[in-house]
Every structure is written in structure tokens, then in C-alpha cells.
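According to UniProt numbering, the residues represented by the sequence shown are 1 to 228, in order.
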Amino acid sequence: MSGGWSHNSVPQPDCCSFNVQNDQWVILPPMSTAREWHSSIYHKDHLYVVGGRGDTNKYLDTVESLDIKSLQWSHLPCLPRPLHTSYVVFFSNNLFVLGGCNPLWNSEVNEYDFKQEKWMARSPMPEKCEGGAAVSFDDHVYVVGGRNKSCMQFNPISDSWVFLHRPLFQHYCGPSLIWNAKILICGGEHEDSIEECSPLTDNAWSTSTLKMPKKGDMSFAVRIDYHP
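Printed below as a string of C-alpha cells:
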């Protein structure tokens, strides 16, 4: 967990992790910039924190990375422009930042090439996705859910987008993840359903018998392979 705001709505720099083996929280070094409404992703022993909103409601273009082994923070080059609530995924070890707000939702896509150490603009999403999520699966990136019930497939190799079947429900601020070769969207602001889709077969959405504990915005959906 990283950042967020306190009870008096002040952005925080704090970070912590939860160890599922001993059921304990671990305090991590704080970020250099306090932020809320940012995006984060874990990849190859590094936690990446992207954009967000800082003090005085200022939108941020900074990107920080925490090396989990050394517990040292470092900075990547700034985003092409400040953003909050963007969708972040890794594909072929490069970081993709999709959509986000500044202050309106946009359809921009930017890729960070770690070898060249620079950001590159990619083809924008064919429609804006407000309050959705993104996952990387097989050879594609998927932007799903949100206010528009989006389901868009991006091919990073050809830099092209296609529309797929839309979800059945509006999962605004509902997180997504890959589980058993399926894309799952979990709940949302006014939704407790969980939908699943298999993009490698018929890419149609169906509703799971499992539901979220309650309706509401969620920050993350993660898979933890725990073998005690």
C-alpha cells in the first residue's frame, strides 16, 4: 500500500506491505512525494508509483520506484503530463500508462522503455474509459469496466486497438485481474457482482456466483499464490 490521504484529506507519503506468511504488516520507506489518487504496480521486485495528486490538489507527473530488496526509492523520468487515476500495466518489461485524469478523463497511452529510459506515445484508446481498469494478458493489454462498460484490446506490437464484447454491468472503480486464464472485474461504486471473460475463446462476459462483500470503490485486486 502506498500513499492516500489522512482523515483530514492531506496526501500521505507512507508505504507498507502485508506478509501473508506471518500475518504481519511491514513499514516501508516513504515516498519522496506525498500523493493520493495515484496508480501503482509491482513488477520484478520493484513497486512503481505513477502520478496522482499532491499537496494543494496539484496533479503530479512524477514516477517513483521502490526496490523491495534494497528498500531504496528512485525516480523514473516524469510522465509526458500530470495525471491521476491512470491504469498501469507491464508488457514485455515495459511500463504502460493508459488514460487517467487532468482534470478530465483522457484516452492517451504512453509506454516507458526502460532500455532507452524514455516515454513514448502509443495509439490512444478508441474511447475514454472512466473509472475502469487494465490488465496485461497473453500478447495483449485489456482496458475493461468503468462507466462505459468498456472492453478494449490493445496489441502493443502492432500498436492497434479493437473493441470486444462489453461487460454486463457498470463496474465504476472496480478493479480487475487475471485468474485461471480469465479477466475478472470485481464490483465497483454501485455494483457487487464479479464478471469474468475468457479473451482466448469467445470473449463473452458472464457473472460469477461469487460476489463482492459490499458495493463500493476498490483500489486493488491481487492474486497471491501462498504455499505454507
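Glycine included, C-beta positions come from ideal geometry on N, C-alpha and C.
When DSSP labels each residue in this structure, what does residue i get in the three-state scheme?
| i | result |
| --- | --- |
| residue 110 | strand |
| residue 217 | coil |
| residue 128 | coil |
| residue 142 | strand |
| residue 200 | coil |
| residue 9 | coil |
| residue 104 | coil |
Under 8 angstroms between C-beta atoms, does residue i make it to chain D?
| i | result |
| --- | --- |
| residue 160 | The structure shown contains no chain D; it is built from a single protein chain. |
The beta strand (DSSP E) with residue i in it runs from where to where?
| i | result |
| --- | --- |
| residue 207 | 205–211 |
| residue 152 | 150–155 |
| residue 192 | 191–197 |
| residue 177 | 176–179 |
| residue 163 | 160–163 |
| residue 119 | 118–122 |
| residue 182 | 182–188 |
Per DSSP, which one or two residues make a beta bridge with residue i?
| i | result |
| --- | --- |
| residue 169 | BP columns for residue 169 are empty, so no partner. |
Inset, instruction - Evaluate the contact criterion for the region 178–198 versus the region 153–163: three or more CB pairs, one atom per stretch, below 8 angstroms. - result: The answer is no - the region 153–163 does not touch the region 178–198, with fewer than three Cβ pairs under 8 angstroms.
Legend entry - Segments assigned beta strand (DSSP E), at least 3 residues, entirely inside the region 12–93: Taken in chain order, the whole beta strand (DSSP E) runs of length 3 or more contained in the region 12–93 are 15–19, 24–28, 39–43, 46–50, 63–67, 72–76 and 87–91.
Legend entry - the region 61–76 / the region 85–94 touching (three or more Cβ pairs under 8 angstroms): Taking a cut-off of 8 angstroms on C-beta distances, the region 61–76 does not touch the region 85–94, as fewer than three cross pairs fall below it.
Inset, instruction - Taking 8 angstroms as the threshold, find out whether the region 74–84 comes into contact with the region 123–137 through three or more Cβ pairs. - result: Between the region 74–84 and the region 123–137, the count of Cβ pairs shorter than 8 angstroms is below three; the stretches do not touch.
Legend entry - Three-pair Cβ contact test at 8 angstroms for the region 28–41 versus the region 53–64: The answer is yes - the region 53–64 touches the region 28–41, with three or more Cβ pairs under 8 angstroms.
Inset, instruction - Examine the Cβ distances between the region 204–221 and the region 187–194 and report whether three or more of them are shorter than 8 angstroms. - result: The region 204–221 makes contact with the region 187–194; the number of CB pairs closer than 8 angstroms reaches 3 or more.
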